[in-house]
Amino acid sequence: MKQSPLFLPHGAPDLAIRPELEAHQFLKNLCVSEVKPNAIVIISPHWQTDRLVITSAGPLKTIHDFRGFSQQLYDMQYTADAPSWLVARTHDAITRYGLTVCEDNSWGLDHGAWVPLSLAFPKADIPVVQISLPYAYGSEESYNLGRALAPLADEGILVIGSGALTHNFAEVAANGDVPDWALEFDHWVSDLAERGETCALLSSSNHKYYQKALPTDEHFLPLLVAFGAAGEKSFGEKLHESFTYRSISMSAFRFHSR
């Protein structure tokens, strides 16, 4: 059965161990599909590379790419495997679209990948491949990567983009009201996604709060990958909205094609 691509938040790494957070509960109770995915292909903003890369076949190590959090987080392991058939199928889909990709046997799953996966798929019994986000990628390149991955959805492979609609470290705080700029930008992007406004989404940098919401855009681009992976005439279904650390958007979407 076809798997509709997802955009999921990963927030700060402690999302994995804070059940009081709305986004934690959302991910734990996420009903992805009536049918369990055959595999997962996930892209995270925390694996940026010079070229487009996918993980090689084999067990994927859990990468604790953060500091300053509790030991409980550093002890967590997400023991997913990347079988050779999934690596080959992902590689083939990307190259058939005309993109160049190589494999990397040194990476595993960074926190942008394993944090949401550990909540939504805690058994770690679904094969996973992670895809990198090239430094040179912008909105159009990210969308085209999603289009390259679109055939996988028809084969029961779930494509996930992990990130955040707002991600400004200078604006985070332990508590406080969500700033107006964060709400406005989140709702604006959400409306475009729900209406399937491809051109407007790819031009999101024109919004007056874009630089405020995203001083760097790597957390936003996985949304466009998931959007593109839904196929032509895709549109979003907003599944969740909340904020953590005052201003980090935890919005989540499922993407469909008309």
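Mapping of the sequence shown onto numbering that gives the first Met the number 0: position 88 corresponds to residue 87, and the numbering continues sequentially without gaps. Cβ coordinates follow ideal geometry from the N, Cα and C atoms, glycine included.
Check	Outcome
Whole-angstrom C-beta distance between H110 and D64, which should lie under 8 Å	6 Å
When G235, L191, L220, D153 are compared against S161, the one with the closest alpha-carbon	L220
Which listed residue (G137, V177, H206, A228) has its alpha carbon closest to that of Y96	A228
Contacting residues, own chain, Cβ-Cβ under 7 Å from C101 (five flanking each side not counted)	R50, V52
Closest residue to I125 among D13, H255, K35 (Cα-Cα distance)	K35
Segments assigned alpha helix (DSSP H), at least 4 residues, entirely inside the region 133-164	138-152
Exposed unless 16 or more other CB atoms sit within 10 angstroms - verdict on S69	exposed
DSSP bridge partner residues for G235 (one or two, in chain order)	F254
Spatially closest choice to L118 from L59, R17, R88, by CA coordinates	R17
Own chain, CB closer than 8 Å to S83, minus 5 neighbours either side, in chain order	A56
Closest Cα partner of M249 within the set H255, L238, H45	L238
Buried/exposed call for R194, threshold 16 Cβ in 10 Å	exposed
Three-pair Cβ contact test at 8 Å for the region 174-186 versus the region 137-155	no
Close-in-space but distant-in-sequence residues of the same chain around S256 (CB under 7 Å, 5 per side omitted)	A229, G230, E231, K232, S233
Beta-carbon spacing of E139, L201 below 7 Å	yes
Own chain residues within Cβ distance below 7 Å of H166, not counting five before or after	L213, H218, I247
Which listed residue (A173, A192, D176) has its alpha carbon closest to that of G235	A192
Three-state secondary structure assigned by DSSP to C318	Beyond the ends of the chain as shown, which are 0 and 257, falls residue 318; an answer cannot be given.
L72 versus P115: straight-line alpha-carbon distance, rounded	13 Å
Other residues of its chain near P12: CB distance less than 7 Å, five sequence neighbours each side excluded	F65, F68, L72, H110, V114
Cβ-Cβ distance between G145 and V224 below 7 Å	yes
Buried/exposed call for S131, threshold 16 Cβ in 10 Å	buried
Top-ranked residue by Cα proximity to Y272, from L222, K207, D103	No answer is possible for residue 272: it lies beyond the span of the chain, which begins at 0 and ends at 257.
4 or more residues per run - each alpha helix (DSSP H) lying fully within the region 66-141	70-74, 83-95, 110-119
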